[in-house]
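Novice: Residue numbers (the working numbering), protein chains in the order written: chain A, 1 to 535; chain B, 1001 to 1430. Every residue gets a Cβ at the ideal spot worked out from N, C-alpha and C, and that includes glycine.
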Amino acid sequence: MELELRSITKRFGPLVANDGISLSVAPGQVHALLGENGAGKTTLMNVLYGLMQPDEGEILIDGRQARFHSPKDAIAAGIGMVHQHFMLVPVFTVAENVTLGIEQADRVGLLDRRRTRREVAGLSHRYGLDVNPDALVEHLPVGIQQRVEIVKALVRQANVLILDEPTAVLTPAETEELFRIVRQLRDGGTSVIFISHKLREVQSIADTITVLRRGKVVGERPPTATAEELASLMVGRDVQLRVDKKPATPGEVVLSVAGLTVPGEGGSKPVDGLSFDVRAGEILGIAGVQGNGQTELCEALMGLLPTAGGTITLNGRDLTHATPRTRIRAGVAYVPEDRTEDGLVSSFSVSENLILDQYDRPPFASGVNLNLAVIAKNAEERIAEFDVRTPSPATPAGSLSGGNQQKVILARELGHEHKVLIASQPTRGLDVGSIEFVHRRIVEQRDHGVAVLIVSSELDEIYALADRIAVMYEGKITGFRDPGVPAAELGRLMAGGADTAPAADTAQPADASPAADASPITGTGTPEPAAQEES
Amino acid sequence: MSTPPASPPTAAEEDAKQSQRRTFGIILRESVLEGNTVTVTVLALALAMVAGGLLAAFTNTAVLHAPAGSVPGKAWDVASATYVALFEGSVFNPHTVAALFQQASISTAIHDGYLSAVFQPLSETAVGATPLILTGLAVALPYQAGMFNIGGQSQFIGGAIMAAWLGYDVSMPFFVHVVVCVLGAFAGGAVLGWVAGDLKARTGAHEVITTIMLNYVMLYFLAYLLSSHSLLQAPGSPNPITPLIASNAHLPLIAGSNLRINAGFLIAIACAIAAWWLLNRTTTGFEFRSVGANPSAARVAGIKVERSWVLVMLIAGGLAGLAGSSVIQGTDFTLNPQSYGTYGIDAITVALLGRGKPGGVVWAGLLFGALHAGSPGMQNAASTPVQIVQVLQALIVLFVIAPPLVRAIFRLRAVRAEGAGKSISGGWSA
C-alpha cells in the first residue's frame, strides 16, 4: 500500500501545528518522522489516523483520495497506530484486548475465544512477537504490552503501522527487540511510520528520515545522513539573533553542581551524575536536543524533584535538600520552561502574579495582611519597567500574549534579590521582538554580576547568549565549549558524540570575541513571523 | 469611539451624539445579553421558579380534576398561591402588618407580640440560613484552594457532638458557657477536616473519597454515642437523644423572646466576612487561591501546597462544626440522629449557587433558608407539598451549574474567558 500526505495543514487557534506537510511512504519501508517535542509529529499522525481533521490538504492511499472521519475509517483503510500511551485494558487477557471492538461471535452468539487465541498465536509466531494470548495484560512488562498493541493493529489488517515514540518507555534491550520486530514487519511488506526525537534510533531503523520542525518539513534524508546534520535540522537556525554583549568578566563560582543525579521512572536517570559551575557575571548555556534531561535538571535545581545523589551549592551553601522557598530566598531566580503551567497562575491578575513568590514578605505583607496598595504600586512599576503590554494590572495573566507573560515572569524573578538566574527555554514560542527583549535582560543580569544558567534547545539562543556552552545528552554533559565552536561540532555532541576537544569547563578567557560575531550560523530558513507567538 | 471636535453643532456632531446614545443602548443590551455569571444566575432562578410553578400546579388534584377549559386558570391560581405563601412565610406577610395597626396602641401591640409577628418570617429565614451559610462556607473555602469538601455532614456532627456534650455535661456561667460550646464545636469539626486534609497531604488520598467515608464514620459514631446511657444518651430516655443543654449554653436571642433568630446568625455572617477577608486580604488566602488555581505554579513559587490543603480543610471543618453548634445551641438544644438533617449535601448546593465565594454563599444560604421557612405555609395555603421546595432548590442549582443550558434557552452569547461554568468544572480535577 502506498500512502501519501499532501500539504496537510492543521491549526489550533493561532498556532499552526502542521504547516503544509507533504510526505509519502512507500510499501515495505520504515519511514521515520524526526523532530523535537512540539514539532507537530503527533498532530500529523493524529490527522492520518482520523483522530483530527486537517484544515487543508489530503490523504492519498494508492493514489486515491481518502477521508478519515474517525480512527475506524483509518483502520478500515489499513492504518494501525500504537500510541505512546498504550490503549489496553489491564485486567483483560492479551486475546481479549486484541479482539476488543471486533469480537467474533460463534453460531449461538457467544464470544469465539478459541478462534481469537488461534489468530493471536498465529500472528505472534509469524512475526516472532512471542506473546501469550492468555496472559493478563497487567502482568506483562511494558515491552510486551507494546507488542500486544502491534498485534492489535495487525489483526485489523494494518498495512501501515504508526509507532508514536515507541522507545520512550522501553529499556535498551526491549528497544533492540522492537527493532527486530519492525524489520521483520517491513520485510513482510508492512510500512512502518516511526516517530521519534532520538537520532541514533532513527538512524539505525529508518529507510527514510523526514525531519519536522515547527510544523514544517525541513528536510528528507537517507539514514546515512550524519547525526550532526540531522541534529542541526531538528533544532534549526531560523532567526539570526544578535545581542550586543561585551566580553564576560567572570567572578567567583556562585552556583556549583556536582555529581547531580535525578531518578526517573523505572530506574532510569534523566540526570546522570552531572557537574558544572556557574560563575558570577557569566552565562552558561546548556544546549541539547530536548528530552535529554534538561527539564529534570532545572526542576532538581529548584527543589521540585528529589535527587538521588550529588550536591547543589550556592555561594558555598548546600542547597541540595532545601525547599523551593529556601532556594528562592537564598537568591535563585527561576524562569520555568512551561510558563503557563509552572510560571504563572493564569486566572490571577498581573499584579498578583508579580508577587507570587514574594507575597508573604515585606513590603507586600505585614503580618498576615496583604498590603494591597504596595502590591498595586509594585505592579505599576514593574509593568512600566518591563514594558508589559496589559490592559491593566488587574487583567488575568492568562489573557496576555506569550511574550508579555514571559515579561511578567522576568519582572517578578528579577524583582527580588538574586545571585543566580536559571532560565529554561526562555524564549520558546515568543515573537522576535520579545525574544530580543528577553535576551537583552538576561545579558543585563550577567553584566550586573549575576550567575546565569540558560537551558535552551535553540542553538541560536545558545550562540547569542552563552559565554560558555555545555552540551547535554542523555542526562550527561558531553562537553563544554566556547561560543566560537562550529554548529557541526555542537551537533555531534548533541547526538552523543564523544568529547575529544580540550575541555573548556573553566571560565572562558576574557578575550573571547562576542558570540554573535563568532557565530558561524547564517539564516537558511525563513525568519519567523510574529504571528507564531503562542496563544 | 473618537470624541467629536469642539465646534458648533454640526450634522457630524449630531451623528456622533446619536451613535453615542446608540452605543449606550447597545452596551446595556450587551451587558445583559452577554450572559455573565450574574445574569445567568438570575435567569436560572427565574427558570427554576417557572418550572417549579408548573410542577406545583400540575401535581395539584384541583388542577388535574378540573374541566379542560378551566385548567390554565386553576393552574395559575395554584402556582401563584404557592409562591405567595412561600413569600409570606419567608419574607413578609401583609396580614401581620394589618393586625399590628388594628391594635389600640403600639406599645400594647409590641407587648402582645404583634410586632414580632411582622418580623417572624425574616427571623425564620435567618434561622434556616444560619447552618446553610456555615456549611456552605465549609465547601466554598476548600473549593478556592482546589478541593471538594463533601464532608460537611461528618464535620457538622463532630461540632454538634462537642456543642451538645459541653452544653449539658459542664456547668458554667452564661456567655462563658456559650463561648466554650461554640469553640468546642469549631474544634470538633476542625479535627475531621484536618484528618481529610492531612490524609491528602501525606498520602495523596483524594479528599472526595475520604470526606465521604468520614461521613459514614461519624454517622455511626453518633448512633453509638446516642445508644448508651453511659455515653451521650439522655438518662432514662429510651430514645437516641442527648439531655437538653443548659440554658446558659443557649445562643442568645437577638430580637426578643418571640423570635427564634439568635447569635448563630451573627456568627455565620461574621464567618462569611472573615472568610472573605482571609481569602482576599491575607497571605494565607493568597496561598489558598494560588494552590487552587495552579498548584504547580504555586509549588514553583515556593508555596507549601500540602500545608495549604491541611489548613484549609481544618478551617472548613471548623466552620461546619459551627453549623452544628448553631443548630444545637440555637434551635434544637439537644442532639439526636435528625439534627444533622441534609446540611452536608445542601452545603454543596449552597456553595455551587454562591459560586464558591463567601458573599455568594451568604445570598445562596439566605435564599435556601427562605425556601425552607416558607414551605410549611405553602403546604397549608396551596396544599403544595413541601417536597416541591426541594425540587425547586435542585432546579435552581441545575440551571446555575449548566450555564450553556440557560444561555441556549435565552439565546445569550457565551461569556469570554472565564465562564460561569468554570466555578463548577474545576473542582474534581484536584
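Expressed to the nearest angstrom, what Euclidean distance is found between the alpha-carbon atoms of residue 1208 of chain B and residue 1400 of chain B?
Specialist: 22 Å
Novice: In whole angstroms, give me the CA-to-CA distance for residue 1142 of chain B and residue 1395 of chain B.
Specialist: 25 Å
Novice: Just to make sure I have the definition right: I need the residues of chain B whose C-beta is within less than 8 Å of the C-beta of residue 368 of chain A. Which are they?
Specialist: Within chain B, the residues near residue 368 of chain A are 1282, 1283, 1284.
Novice: Would the beta-carbon of residue 1083 of chain B fall within 8 Å of that of residue 1100 of chain B?
Specialist: With contacts defined by Cβ atoms closer than 8 Å, residue 1083 of chain B and residue 1100 of chain B do not form a contacting pair.
Novice: Let me check you understand the geometry: is the CB of residue 100 of chain A closer than 7 Å to at least one non-hydrogen atom of the ligand ATP?
Specialist: Of ligands this structure carries none, so the ligand ATP is not represented either.
Novice: Report yes or no: do the region 1294-1301 of chain B and the region 371-380 of chain A share at least 3 C-beta pairs separated by less than 8 Å?
Specialist: no
Novice: What residues in the region 341-354 of chain A bring their beta carbon closer than 8 Å to a beta carbon of chain B?
Specialist: 341, 342, 343, 344, 345, 346, 347, 348, 352
Novice: Output yes if chain B places a C-beta closer than 8 Å to the C-beta of residue 325 of chain A; else output no.
Specialist: yes
Novice: Please tell me whether residue 1274 of chain B has its Cβ less than 8 Å away from any Cβ of chain A.
Specialist: no
Novice: Return the chain-ordered list of same chain residues with a C-beta closer than 6 Å to the C-beta of residue 1198 of chain B, the five sequence neighbours on each side being excluded.
Specialist: Cβ neighbours of residue 1198 of chain B beyond the five flanking positions: 1310.
Novice: Under DSSP, the beta strand (DSSP E) around residue 261 of chain A begins and ends at which residues?
Specialist: For residue 261 of chain A, the uninterrupted beta strand (DSSP E) segment begins and ends at 253-262.
Novice: For residue 504 of chain A, which residues in the same chain have their Cβ closer than 6 Å to its Cβ, ignoring the five residues on either side in sequence?
Specialist: Residue placement at residue 504 of chain A cannot be trusted, given a pLDDT of 46 that sits under 50; what the coordinates show is reported in the next sentence. 480, 481, 482, listed in sequence order.
Novice: At 4 residues or longer, and completely inside the region 1139-1213 of chain B: list those alpha helix (DSSP H) runs for me, N to C.
Specialist: 1152-1169, 1176-1203
Novice: Would you call the region 1149-1157 of chain B in contact with the region 1355-1374 of chain B, where contact means no fewer than 3 C-beta pairs closer than 8 Å?
Specialist: no
Novice: For residue 1294 of chain B, go through chain A and note every residue whose CB falls closer than 9 Å to its CB, in chain order.
Specialist: 340, 341, 342, 344, 345, 346, 347, 348
Novice: I'd like the span of the beta strand (DSSP E) that includes residue 32 of chain A, first residue to last.
Specialist: 30-34
Novice: Which residue wins for smallest C-alpha separation from residue 267 of chain A, given the options A:169, A:440, A:125, A:92?
Specialist: With distances taken between Cα atoms, residue 267 of chain A lies closest to A:169.
Novice: Between residue 1289 of chain B and residue 1146 of chain B, what straight-line distance do the alpha-carbon atoms span, to the nearest angstrom?
Specialist: A direct Cα-Cα distance of roughly 8 Å separates residue 1289 of chain B from residue 1146 of chain B.
Novice: Could you check if residue 1220 of chain B is buried or exposed, using at least 16 other CB atoms within 10 Å of its CB as the buried criterion?
Specialist: exposed
Novice: For residue 131 of chain A, which of A:115, A:116, A:151 has the nearest alpha-carbon?
Specialist: Comparing alpha carbon positions, the residue from A:115, A:116, A:151 closest to residue 131 of chain A is A:151.
Novice: Taking the alpha-carbon of residue 327 of chain A as reference, which of A:142, A:304, A:346 has the nearest alpha-carbon?
Specialist: Out of A:142, A:304, A:346, A:304 has the C-alpha closest to the C-alpha of residue 327 of chain A.
Novice: With H, G and I counted as helix, E and B as strand and the rest as coil, what does DSSP make of residue 506 of chain A?
Specialist: Because residue 506 of chain A carries a pLDDT of 43, less than 50, the predicted location of this residue cannot be relied on, and the following value inherits that uncertainty. If DSSP states are grouped into helix, strand and coil, residue 506 of chain A belongs with coil.
Novice: Check whether the Cβ of residue 466 of chain A lies closer than 8 Å to any Cβ atom in chain B.
Specialist: With respect to chain B, the C-beta atom of residue 466 of chain A has no partner C-beta closer than 8 Å.
Novice: Just the C-alpha distance for residue 583 of chain A and residue 1282 of chain B, rounded to the nearest angstrom, thanks.
Specialist: Not covered by the structure: residue 583 of chain A. The range shown for chain A is 1 to 535.
Novice: Whole-angstrom Cβ separation of residue 457 of chain A and residue 235 of chain A, contact assumed at under 8 Å?
Specialist: Between residue 457 of chain A and residue 235 of chain A, the beta carbon gap of about 6 Å places them in contact (Cβ cut-off 8 Å).
Novice: Is there at least one Cβ from chain B nearer than 8 Å to residue 304 of chain A's Cβ?
Specialist: yes
Novice: Kindly list the residues whose CB is nearer than 6 Å to the CB of residue 1060 of chain B, restricted to its own chain and excluding five residues on each side of it in sequence; keep chain order.
Specialist: If we look at residue 1060 of chain B and ignore the five residues flanking it on each side, its Cβ neighbours are 1078.
Novice: If we require 4 or more residues per run, which alpha helix (DSSP H) segments fall completely within the region 331-388 of chain A?
Specialist: 350-353, 372-385
Novice: Measuring only the C-alpha atoms, how far is residue 1410 of chain B from residue 453 of chain A?
Specialist: 55 Å
Novice: Does DSSP put residue 536 of chain A in a helix, a strand or coil?
Specialist: This structure gives no information on residue 536 of chain A, because the portion of chain A shown stretches from 1 to 535.
Novice: Taking 8 Å as the threshold, find out whether the region 323-337 of chain A comes into contact with the region 421-431 of chain A through three or more Cβ pairs.
Specialist: yes
Novice: Please list, in chain order, the chain B residues whose beta carbon lies closer than 9 Å to that of residue 357 of chain A.
Specialist: 1300, 1301, 1302, 1303
Novice: Quick check: the Cα distance between residue 951 of chain B and residue 1272 of chain B, rounded to an integer number of angstroms?
Specialist: Limits of chain B in this structure are 1001 at one end and 1430 at the other, which puts residue 951 of chain B out of reach.
Novice: Taking the beta strand (DSSP E) that residue 18 of chain A belongs to, which residues open and close that run?
Specialist: 15-25
Novice: Quick one: complete alpha helix (DSSP H) runs, 4+ long, within the region 1032-1064 of chain B?
Specialist: 1037-1058, 1061-1064
Novice: Can you pull the chain A neighbours of residue 1297 of chain B, defined as C-beta to C-beta under 8 Å?
Specialist: 341, 342, 343, 344, 345, 356
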